[in-house]
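*Asks:* Sharing a structure here in structure tokens format.
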Amino acid sequence: MTTDLLLTGARVVDARRDRPDAWVRVSGGLIAEVGTGAAPYAAEHLDLGGAILTPGLIDLHVHGGGGHAFDDGADAITAGVAAHRRRGTTATLVSLVSSPLGVLRRQLSSVEVARRSDPGILGVHLEGPCLSPARRGAHDPGALAVPDAHFLELVRDAEPGLIRQITLAPELPGALDAITELVARGIRVAIGHTEADYALTREAIDRGATLLTHALNAMPAMGHRHPGPVPAALEDEHVTLELILDGVHVHPSVARLLLTAAPQRVALITDAMAAAAHADGAYRLGELDVQVTDGRALLDDGVTIAGSTLTLDRAVRTAVVDLGLSASDAVGAATAVPAAALGDSSRGLLEPGMRADLVAWDADWRVQRVWLSAS
Numbered sequence: 011m012t013t014d015l016l017l018t019g020a021r022v023v024d025a026r027r028d029r030p031d032a033w034v035r036v037s038g039g040l041i042a043e044v045g046t047g048a049a050p051y052a053a054e055h056l057d058l059g060g061a062i063l064t065p066g067l068i069d070l071h072v073h074g075g076g077g078h079a080f081d082d083g084a085d086a087i088t089a090g091v092a093a094h095r096r097r098g099t100t101a102t103l104v105s106l107v108s109s110p111l112g113v114l115r116r117q118l119s120s121v122e123v124a125r126r127s128d129p130g131i132l133g134v135h136l137e138g139p140c141l142s143p144a145r146r147g148a149h150d151p152g153a154l155a156v157p158d159a160h161f162l163e164l165v166r167d168a169e170p171g172l173i174r175q176i177t178l179a180p181e182l183p184g185a186l187d188a189i190t191e192l193v194a195r196g197i198r199v200a201i202g203h204t205e206a207d208y209a210l211t212r213e214a215i216d217r218g219a220t221l222l223t224h225a226l227n228a229m230p231a232m233g234h235r236h237p238g239p240v241p242a243a244l245e246d247e248h249v250t251l252e253l254i255l256d257g258v259h260v261h262p263s264v265a266r267l268l269l270t271a272a273p274q275r276v277a278l279i280t281d282a283m284a285a286a287a288h289a290d291g292a293y294r295l296g297e298l299d300v301q302v303t304d305g306r307a308l309l310d311d312g313v314t315i316a317g318s319t320l321t322l323d324r325a326v327r328t329a330v331v332d333l334g335l336s337a338s339d340a341v342g343a344a345t346a347v348p349a350a351a352l353g354d355s356s357r358g359l360l361e362p363g364m365r366a367d368l369v370a371w372d373a374d375w376r377v378q379r380v381w382l383s384a385s
């Protein structure tokens, strides 16, 4: 991105505003000004012709894309991140599925290599291996573990700031104490792939857990006598609920209910595997075989969903066009909400001082252009 750029003729949309015929000035890789009416001078000027301009999208939970799985090394991570970036995702939390601890160590090193050369790679989300065997979904049962001293040693040995989020099941032995330690280390803990009931979920939240991994999936359903994890998360204003809005993982009517029940606390995620932004066919997710047909990813059992082929731009479009969310709420769910969930104050809004990660969309909410701040 040029060091001094003025974007005009835009409908500027973020979680706090929806302004027609507005402008944004970028300087030194940061947003310098946002306004309407007379625009300031900049060395370079681009008229967007009425396009929608939003912050870059932020994906907290994604395993691959463009034919590349994030557990296949630094080059695959870079290529997969690039595939999602072309569709508007400018910040990616690289998610790793359950693997033996020795394998995870090597994978963490690969992410560290990739993030050194890409400012859009935020770090790692460990989705496992501390998951419930009964709710493992598309995770290798042989790789599952408990959050014991060996797992915590893996976390302590990682590069500082590399592991940003960990999903675990709070019913596992030692899990509640592990939550306390992980939170003290500045790591976001997400409850997921769990058999936890309402009370245990509340206890995990009280220990510091602040996310619910792909809400409604791989956890007990909501019941009128046994509410389960989702109502516990909905009740606490400090908890962010991940949502896979692909029409496969959660019915649209239930997704709309979730977004309405927790405004500004639902983060759209993809949980995408390598087939996102790529073709149908045979893939691997960790050590498991996956078959993708008509964009739907299933394990070879033909039943178990194995992540998604979603891209985050499509989730935003679905939220606006199909669910009827306001543009600000839909965009916020893929920008400001995930940024806040990570405690990242540099992204997610079109405000002075924020990183100039930007996406231009046409009137049908299809990505036209993406800018990534080099700062």
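For what it's worth, the working numbering labels the leading residue of the sequence shown as 11, then goes sequentially.
In this text, a Cβ means the ideal position worked out from N, Cα and C, and glycines have one as well.
(1) Go to Gly45, then tell me how far its beta strand (DSSP E) extends in each direction, as first and last residue.
(2) Can we count Leu154 as close to the ligand GDP, meaning its CB is less than 7 Å from some heavy atom?
(3) By the three-class DSSP mapping on this structure, what secondary structure does Gly152 have?
(4) Give the straight-line distance between the Cα atoms of Ala20 and Leu56, rounded to the nearest whole angstrom.
(5) Rounded to whole angstroms, what's the CA-CA distance from Ala42 to Arg35? Just pull it up for me.
(6) Classify Leu255 as helix, strand or coil using the three-state DSSP reduction.
(7) Can we say the region 377 to 385 touches the region 104 to 114, given the rule of at least three CB pairs closer than 8 Å?
(8) Answer with buried or exposed for Val331, where buried requires no fewer than 16 other C-beta atoms within 10 angstroms of its C-beta.
(9) Would you report the Cα separation of Glu205 and Gly238, rounded to the nearest angstrom?
(10) Which class does His135 belong to by DSSP, given the choice of helix, strand or coil?
(11) Which same chain residues end up closer than 7 Å to Leu335 when comparing Cβ atoms and leaving out the 5 residues on each side of it in sequence?
(12) Which term fits Ser383, buried or exposed, when burial requires 16 or more other beta carbons within 10 angstroms of its beta carbon?
(13) Report all residues from its chain with a CB closer than 6 Å to the CB of Ile62; omit the five preceding and five following residues, and keep chain order.
(14) Would you please state the rounded distance, in angstroms, between the beta carbons of Leu255 and Ala265? I believe it to be under 8 Å.
(15) What did DSSP end up calling Ala79 once you bin it into helix, strand or coil?
(16) To the nearest whole angstrom, what separates the beta carbons of Thr8 and Thr321, a pair I think is in contact under 8 Å?
(17) Assuming Ile197 contacts Leu222 (C-beta within less than 8 Å), just tell me the rounded distance between them.
(18) Closest by CA to Leu244, which one among Gly291, Ala271, His236?
(19) So is Tyr51 buried or exposed if we call it buried at 16+ other beta carbons inside 10 Å?
(20) Take Tyr208 as the anchor and find which of Asp339, Ala179, Gly353, Val199 has the nearest alpha-carbon.
(21) If we count the other Cβ atoms within 10 Å of its Cβ and call it buried at 16 or more, is His71 buried or exposed?
(22) Over what stretch of residues does the beta strand (DSSP E) that includes Asp31 continue unbroken?
(23) Taking its Cβ as the centre, do 16 or more other Cβ atoms sit within 10 Å of Glu163, making it buried, or is it exposed?
(24) Taking only three categories from DSSP, how would you classify Tyr208?
(25) Could you check what DSSP says for Pro170 in three-state terms: helix, strand or coil?
(26) In chain order, what residues of the same chain have a beta carbon less than 8 Å from the beta carbon of Leu114, not counting five sequence neighbours either side?
(27) DSSP on Gln117, reduced to helix/strand/coil?
(28) Reducing DSSP to helix, strand and coil, say where Arg198 ends up.
(29) How would you label Gly133, buried or exposed, when you count the other beta carbons within 10 angstroms and need 16 or more for buried?
(30) Pop quiz: Leu103 and Arg174 are said to be a contact at Cβ under 8 Å. What is the actual Cβ separation, rounded to whole angstroms?
(31) Quick one: what does DSSP say Glu54 is sitting in, helix, strand or coil?
(32) If I'm right that His203 touches Leu267 with Cβ under 8 Å, what's the distance once you round it to whole angstroms?
(33) Measure from the alpha carbon of Met283 to the alpha carbon of each residue in Glu54, Val44, Ala93, Ala144, then state which is nearest.
*Replies:* According to the structure data:
(1) 40 to 46
(2) By its list of ligands, the structure shown contains no ligand whatsoever, and the ligand GDP lies outside what it can speak to.
(3) helix
(4) 10 Å
(5) 5 Å
(6) coil
(7) no
(8) exposed
(9) 9 Å
(10) strand
(11) Leu269, Ala329
(12) buried
(13) Arg21, Val23, Trp371
(14) 6 Å
(15) strand
(16) Beyond the ends of the chain as shown, which are 11 and 385, falls residue 8; an answer cannot be given.
(17) Going by Cβ atoms, the distance from Ile197 to Leu222 rounds to 16 Å, so no, they are not a contact pair.
(18) Ala271
(19) exposed
(20) Ala179
(21) buried
(22) 27 to 37
(23) exposed
(24) helix
(25) coil
(26) Leu106, Leu136, Pro139, Leu164
(27) helix
(28) strand
(29) buried
(30) 6 Å
(31) strand
(32) Not really, about 22 Å apart at Cβ, beyond 8 Å.
(33) Ala93
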